[in-house]
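In what follows, a single structure is set out as structure tokens and then discussed.
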Amino acid sequence: MRLALVHDWLNQRGGAEDVLEVLVETFPGAPVYTSIYWRDGMPQAYRSWDIRTTWMDRLPGIYRHHQPYLPLYPLAFSGLDLSGYDVVLSNKSGFCHGVRTGQAVHICYCLTPTRFVWTFEEYAAREGLSAPVRRALKPLIALLRRWDWQAAQRVTRFVAISREVQERIRRFYGRDSVIIYPPVDTARFRPAPSHDDYYLIVSRLVPYRRIDLAVQAFNLLRLPLVIAGDGRDRPRLEAMAGPTVTFLGRVPDSDLPDLFARCRAYILPGVEDFGIAPVQAQAAGRPVIAFGAGGALDTVIPGRTGTFFYEPTPEALAKAVRSFDPESVDPQECVRNAARFDRRVFQEQIRAVVEDFENYEDERLN
0 MRLALVHDWL
10 NQRGGAEDVL
20 EVLVETFPGA
30 PVYTSIYWRD
40 GMPQAYRSWD
50 IRTTWMDRLP
60 GIYRHHQPYL
70 PLYPLAFSGL
80 DLSGYDVVLS
90 NKSGFCHGVR
100 TGQAVHICYC
110 LTPTRFVWTF
120 EEYAAREGLS
130 APVRRALKPL
140 IALLRRWDWQ
150 AAQRVTRFVA
160 ISREVQERIR
170 RFYGRDSVII
180 YPPVDTARFR
190 PAPSHDDYYL
200 IVSRLVPYRR
210 IDLAVQAFNL
220 LRLPLVIAGD
230 GRDRPRLEAM
240 AGPTVTFLGR
250 VPDSDLPDLF
260 ARCRAYILPG
270 VEDFGIAPVQ
280 AQAAGRPVIA
290 FGAGGALDTV
300 IPGRTGTFFY
310 EPTPEALAKA
320 VRSFDPESVD
330 PQECVRNAAR
340 FDRRVFQEQI
350 RAVVEDFENY
360 EDERLN
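Numbering (numbering that gives the first Met the number 0), first residue to last: 0 to 365.
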């Protein structure tokens, strides 16, 4: 079986890249097609991969500022002809599902339908785009939406990462999908004999993660909140933080197991497509206090491994923290729940989907 992997861009590391790393491990030797690859900004292990980029890789400043080039990605991926493969497996949150596959089976592991395209008003508000800029961009968004929908119709099979994303695929693309949860290396995490009194967030600091809700809530609570991670929203968040909120910046992966295991509870203040960090917290035996939407509905069991709050306000989060007793949660219950999302489970399920490609081909041709 000749298989190619496709990924949107390789200039930053996040949940999408965690998935890609496991896909490369699961299908060794498969080439990775992507729009851009910042060799010096990505893990050294990537240098052993067969990474193949598009012409966008030569555009000025794109490694550090890829977002202004968003309208060009459909052109770049539309120009990639992967029809010589038996199976194309795209790992998509942007535009990489638009590659040309001919008679090859195209399985799209959909992290989310392109957020910038399908929830533009929400995106624009979050990014602080002015009304004139929004109006100017609307014709472009309409074109990108049409292209994105058409590209989705050429996909043979969609695989969603959560019920939330499954519903978006149905709503935006009119396509059915199966769910395979993203891989989490749960074996790295284990409960500690005791924990400290801080609450924890591990996240990229970007507006849609709603870390601002947590900062404001813990200002009200005057309880210790530790935030690990970095991003463009960090200066704004630090400016609003009170004395009980601590920013650690980017934390080495080797430090994360201890950081999770010693927290009182993990805080998830925004809507995540899936959310790997809450699973890592549970693997370390710690409960999760999450906004009751998105991937948290798949990963947190209320009353057993955490609790939800349902209004996106600092007051609602503060109330949930006050009323929830982390000591009431059995750490082993958290560990058992996290095991459902282990990387070995993901690898078994994604292999099964890919290895059944001949049946998908028959379905499409018939």
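The C-beta atom is built at its ideal place from N, Cα and C for all residues, glycine as well. This one's a predicted model, so the numbers in the text were calculated from it and none came from an experiment.
query: The stretch 78 to 91 contacting the stretch 59 to 70, beta-carbon criterion three pairs below 8 Å; result: no
query: Expected contact under 8 Å - CB spacing of E55 and R12 to nearest Å; result: In the sequence under discussion, the amino acid at residue 55 is Met, which differs from the Glu named in the question. So it is not a contact: roughly 19 Å between Cβ atoms.
query: L296 versus R174: straight-line alpha-carbon distance, rounded; result: 22 Å
query: Through-space distance from F273 to V18, alpha-carbon basis; result: 12 Å
query: Three-state secondary structure (DSSP) of L224; result: strand
query: Backbone secondary structure at S129 - three-state DSSP; result: coil
query: Expected contact under 8 Å - CB spacing of P190 and A283 to nearest Å; result: 6 Å
query: V158 versus V352 - alpha carbon distance; result: 9 Å
query: Separation of R153 from E163, as counted between CA atoms; result: 22 Å
query: Limits of the beta strand (DSSP E) - the one that L204 falls within; result: No beta strand (DSSP E) contains L204, which DSSP labels as neither H nor E.
query: Whether S176 touches C109 by CB criterion (8 Å); result: yes
query: G248 in three-state terms, based on DSSP; result: strand
query: Reduced DSSP secondary structure (H/G/I, E/B, other) of A3; result: strand
query: Bridge partner(s) assigned by DSSP for A29; result: Beta-bridge pairing links A29 to no other residue.
query: Short Cβ contact (8 Å threshold) for S92 with H105; result: no
query: Element boundaries [alpha helix (DSSP H), containing S383]; result: No answer is possible for residue 383: the residues shown for the chain start at 0 and end at 365.
query: Identity of the residues DSSP links to P301 by a beta bridge; result: G305
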